[in-house]
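In short: position in the sequence shown from 1, add 139, done, that's the working numbering.
Data block below; observations after.
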Amino acid sequence: MKFIELTLKSHIIVHGFDARNQEIIEEVHVEKASRKLVAMDRILSVSDKYILIQYAYDRIIYWEYMESFEELQSLLK
Numbered sequence: 140m141k142f143i144e145l146t147l148k149s150h151i152i153v154h155g156f157d158a159r160n161q162e163i164i165e166e167v168h169v170e171k172a173s174r175k176l177v178a179m180d181r182i183l184s185v186s187d188k189y190i191l192i193q194y195a196y197d198r199i200i201y202w203e204y205m206e207s208f209e210e211l212q213s214l215l216k
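Here it is in structure tokens:
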């Protein structure tokens, strides 16, 4: 399994869906970013601001990353 090192900050946790098929989300705001090793096979997508990572039990997290989009793209190659 390959990992990349990222600087991650605030994030949005999607816990699943309610009876009306609306996402159940939890927004987590943090003051200071932290370094994290991320398994590349858990990454679902990347936007200019967020990296979407899948965790167990169908939980996904939108992490705000501090690297540039181009730096992240380079790490994933």
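Think of the CB as a built atom: it goes at the ideal place given N, C-alpha and C, for glycine as much as any other residue.
Point to revise | Best match in Y194, K175, D197 for proximity to L145 [C-alpha to C-alpha] | key: Within the sequence shown, residue 145 is the residue found at index 6, counting from 1. It is K175.
Practice item. Decide if Y194 is buried, meaning its Cβ has at least 16 other Cβ atoms within 10 Å, or exposed. Key: Position 55 of the sequence shown, counting from 1, holds the residue named residue 194. Flag for Y194 reads exposed.
Check your understanding: Helix, strand or coil: which one does DSSP assign to R181?
Key -> In the sequence shown, counting from the first residue as 1, residue 181 sits at position 42. In the three-state reduction of the DSSP assignment, R181 falls in the helix class.
Exercise for review: Report buried or exposed for I190, applying the criterion of at least 16 other Cβ atoms within 10 angstroms of its Cβ.
Suggested key: Working through the sequence shown from its first residue, we reach residue 190 at position 51. With 16 or more other Cβ atoms within 10 Å, it is buried.
Practice item. Just confirm the distance between the C-beta atoms of A112 and M140, as a whole number of angstroms; I'd bet it's less than 8 Å. Key: This structure does not reach residue 112, given that the chain is present from 140 up to 216, and the question cannot be answered.
**Study point:** C-beta contact flag for E203 and L147 at 8 Å
**Key:** Along the sequence shown, read from residue 1 onward, the residue named residue 203 stands at position 64. Along the sequence shown, read from residue 1 onward, the residue named residue 147 stands at position 8. Yes, the Cβ-Cβ distance between E203 and L147 is below 8 Å.
**Study point:** Nearest to S149 (by Cα), restricted to the options K188, L211, S213
**Key:** As a position in the sequence shown, residue 149 is number 10, starting the count at 1. Checking every option, the nearest Cα to that of S149 belongs to K188.
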